[in-house]
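According to the working numbering, the stretch in the sequence shown is residues 4 to 275, in order. Glycine is no exception: its CB is placed at the ideal position from the N, C-alpha and C atoms. Reviewing the structure listed below.
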Amino acid sequence: MFQNGGRGHVSGLGSSFGTGVGLGFKVGFRGYGCVTERGSWSSFEMGFGQVLGQKPIFTSEPDLNLIQKPDLTLIQKTDLDLQEARLKYLRVCVPLTKAALRGDWGTAKVYIDEDRSILTTGITKECRTVLHLAAGTGCVHFVEQLVGMMTSEELELRDGKGNTAMCFAAINGSVQVAEILLAKNKLLATTRGGQGMTPLYMAVLFGRSEMAWLLYSKTVESFEEKDRIGIFFTSIDSGLYDLALKILKHNMSLAEARDKDGKTALHLLAQT
Numbered sequence: 004m005f006q007n008g009g010r011g012h013v014s015g016l017g018s019s020f021g022t023g024v025g026l027g028f029k030v031g032f033r034g035y036g037c038v039t040e041r042g043s044w045s046s047f048e049m050g051f052g053q054v055l056g057q058k059p060i061f062t063s064e065p066d067l068n069l070i071q072k073p074d075l076t077l078i079q080k081t082d083l084d085l086q087e088a089r090l091k092y093l094r095v096c097v098p099l100t101k102a103a104l105r106g107d108w109g110t111a112k113v114y115i116d117e118d119r120s121i122l123t124t125g126i127t128k129e130c131r132t133v134l135h136l137a138a139g140t141g142c143v144h145f146v147e148q149l150v151g152m153m154t155s156e157e158l159e160l161r162d163g164k165g166n167t168a169m170c171f172a173a174i175n176g177s178v179q180v181a182e183i184l185l186a187k188n189k190l191l192a193t194t195r196g197g198q199g200m201t202p203l204y205m206a207v208l209f210g211r212s213e214m215a216w217l218l219y220s221k222t223v224e225s226f227e228e229k230d231r232i233g234i235f236f237t238s239i240d241s242g243l244y245d246l247a248l249k250i251l252k253h254n255m256s257l258a259e260a261r262d263k264d265g266k267t268a269l270h271l272l273a274q275t
């Protein structure tokens, strides 16, 4: 019934984001660092933003009272003189952001050793921490070093859209990064991000097959029914037919379920 097409498709984003690694987001690895390009991160940002702009299928919004947010001292207006605040931002946030995107752990460590609180501080206008950035670029060694310096609770910090670093890893598809994060805090697998999306839903939406299978194995027993339905239909739409079949076998009633447009799985398959 199902054949795995592995299209890496993000529903509704159009053909420019439809195949290959998805979103034109190119990440290479060189030794312990990761090689990224400014355009690559921009592509990731654009795709990520469009996905969060969609209305997800059957998801639950996180409890806003439980969301942990980073320290925003360096990116919000404070009592500091504006010029002084800008200088502080340029001295710390800008070079640390660049280091995280390049996978330059040596440079990043200098700033972290100077002030450990930078680990839990938002360093971009989107309120993202250095861990959010490193997870998004898939820099394994960089993430490994950061996680080793942070508590399990600190890994749950959310950016301005409500996303944890695990959400970024899920979208990027870096299984190694995900495993590092989950080894320290297994709750990250089920911690919802923007618009109530789970990391699994995000991975499926971006067609990240290996990541989706990892997260499915970690979360299958904790699914809410609406999550199961949403992930099932999104798996079909993203071409992850083997995962869709696995979910169906776990709950055969999904064969008669309908998506937000009133279509069954057979309807969707007939359109492929």
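- So, do the region 113-120 and the region 159-170 have three or more beta carbon pairs nearer to each other than 8 Å? no
- Drop a sphere of 10 angstroms on the beta-carbon of residue 181, count the other beta-carbons inside from all chains shown, and report buried for 16 or more, exposed for fewer. Against the sequence shown, residue 181 aligns to sequence position 178. With 16 or more Cβ atoms within 10 Å of its Cβ, residue 181 is classed as buried.
- Query: When DSSP labels each residue in this structure, what does residue 110 get in the three-state scheme?
  - Reply: One-based indexing of the sequence shown puts residue 110 at position 107. It is helical.
- Reference residue 138; option with closest CA among 97, 202, 110 and 96: Residue 138 sits at position 135 when you count from the first residue of the sequence shown. Checking every option, the nearest Cα to that of residue 138 belongs to 202.
- Query: Which of the three DSSP states, helix, strand or coil, is assigned to residue 199?
  - Reply: If you number the sequence shown from 1, residue 199 lands on position 196. Note: residue 199 maps to helix in three-state DSSP.
- Apply the 10 Å Cβ neighbour rule to residue 157 and answer buried if 16 or more other Cβ atoms are within range, or exposed otherwise. Walking along the sequence shown from the start, residue 157 turns up at place 154. The residue is buried, with at least 16 neighbouring Cβ atoms inside 10 Å.
- Residue environment, residue 220, which counts as buried when at least 16 other CB atoms sit within 10 Å: Here residue 220 refers to the residue found at position 217 when the sequence shown is read from its first residue. The residue in question, residue 220, is exposed, as its Cβ has fewer than 16 Cβ neighbours within 10 Å.
- Task: Give me the Cβ distance between residue 155 and residue 193, rounded to the nearest whole Å; I'm assuming they're in contact under 8 Å.
- Result: As a working mapping, residue 155 is identified with position 152 in the sequence shown. As a working mapping, residue 193 is identified with position 190 in the sequence shown. That pair is no contact at about 14 Å.
- Message: Please state the DSSP three-state secondary structure of residue 166.
- Response: Counted from its first residue, the sequence shown places residue 166 at position 163. Assignment of residue 166 by DSSP, reduced to helix, strand and coil, places it in the coil class.
- For the putative contact between residue 238 and residue 250, defined by C-beta atoms under 8 Å, what is the C-beta separation to the nearest angstrom? As a first step, residue 238 is located in the sequence shown; it is residue number 235 there, counting from the start. As a first step, residue 250 is located in the sequence shown; it is residue number 247 there, counting from the start. The Cβ separation is near 7 Å, so the contact holds.
- Item | Neighbour-count burial assignment, residue 1, 16 or more Cβ in a 10 Å radius | For the chain, the structure presents residues 4 to 275; residue 1 sits outside this window and is missing.
- Task: Using a threshold of 8 Å, state whether the C-beta atoms of residue 183 and residue 133 are closer than that.
- Result: For the purposes of this step, residue 183 is taken as the residue at position 180 of the sequence shown. For the purposes of this step, residue 133 is taken as the residue at position 130 of the sequence shown. Not closer than 8 Å, so no.
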